[in-house]
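Asker:
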Amino acid sequence: SDFLQTIIDEPTAYCTISGIAFHYIIVSSNILWLLHIIHIWITLFFPIWSKRLTKHLNLIHVSVMVITALICSIGPIVVLAKYKYILTRLPAIICVANDLDVVFYSSLLPLSIIIPLGVSFLVNIFWITWKVGNIFGIYMHI
89 SDFLQTIIDE PTAYCTISGI AFHYIIVSSN ILWLLHIIHI WITLFFPIWS
139 KRLTKHLNLI HVSVMVITAL ICSIGPIVVL AKYKYILTRL PAIICVANDL
189 DVVFYSSLLP LSIIIPLGVS FLVNIFWITW KVGNIFGIYM HI
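Residue numbers are given in my numbering: position 78 of the sequence shown equals residue 166, and the series is strictly consecutive.
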């Protein structure tokens, strides 16, 4: 019992590295998904402005990747500096920060904003393309 409590309370290198990787990958993949959906939405709704930006597309993609990497690294850096990643249960599935407020504000709150925002953009894209473009092979009068 004392051995298991020590494993849960004291972070191991595996737990720290996997906690950082999980935290970073979950937040960054959702941010990049949202930015991709917004890019499609802008291309669909503002085609003239989008065509003007195509010559700067590589610069835009690189700058978005760098900004996303910097923004997403804030959460793991804060957890490493002030808190620690611990096992939530055994067998070890995931290591999270030991303070639930940090977990909420660094991962759950951004995800609860990013995912509904991306879904609303996606629904808007599908609705407009269905209304205008007949992409599903069904003719609908709206």
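From the three backbone atoms N, C-alpha and C, an ideal C-beta is built for every residue, glycine too.
1) Would you say ILE125 and PHE214 are within 7 Å of each other, going by their C-beta atoms?
2) Quick one: what's TYR171 bridged to in DSSP?
3) Considering Cα atoms alone, identify which of ASN212, VAL220 and PHE192 is closest to ILE128.
4) Do ASN118 and LEU199 have their beta-carbon atoms positioned less than 7 Å apart in this structure?
5) For LEU145, which option in GLY107, ILE201 and THR131 has the closest C-alpha, if you only look at C-alpha atoms?
6) Here's the rule: buried if 16 or more other CB atoms are within 10 angstroms of the residue's CB, otherwise exposed. What is TYR102?
7) Hey, out of SER194, ASP189, ILE202 and HIS149, whose CA is closest to TRP121's CA?
8) Hey, how far is the Cα of MET153 from the Cα of TRP218?
9) Identify the continuous alpha helix (DSSP H) that holds LEU147 and give its terminal residues.
10) Which first and last residues belong to the alpha helix (DSSP H) in which TYR112 is found?
Answerer: Reading from the atomic positions:
1) No, these two residues do not count as a Cβ contact at 7 Å.
2) Under DSSP, TYR171 takes part in no beta bridge, so it has no partner.
3) Minimum Cα distance to ILE128 is reached at ASN212.
4) Taking 7 Å as the Cβ cut-off, LEU199 and ASN118 qualify as a contacting pair.
5) Restricting attention to GLY107, ILE201 and THR131, the CA atom closest to the CA of LEU145 is found in THR131.
6) By the neighbour-count rule (16 or more Cβ atoms within 10 Å), TYR102 is not buried but exposed.
7) Between TRP121 and the set SER194, ASP189, ILE202 and HIS149, the nearest pair of CA atoms involves ILE202.
8) One C-alpha to the other measures close to 31 Å.
9) DSSP places LEU147 in the uninterrupted alpha helix (DSSP H) bounded by 145-160.
10) In the DSSP annotation of this structure, the continuous segment of the alpha helix (DSSP H) that includes TYR112 starts and ends at 101-133.
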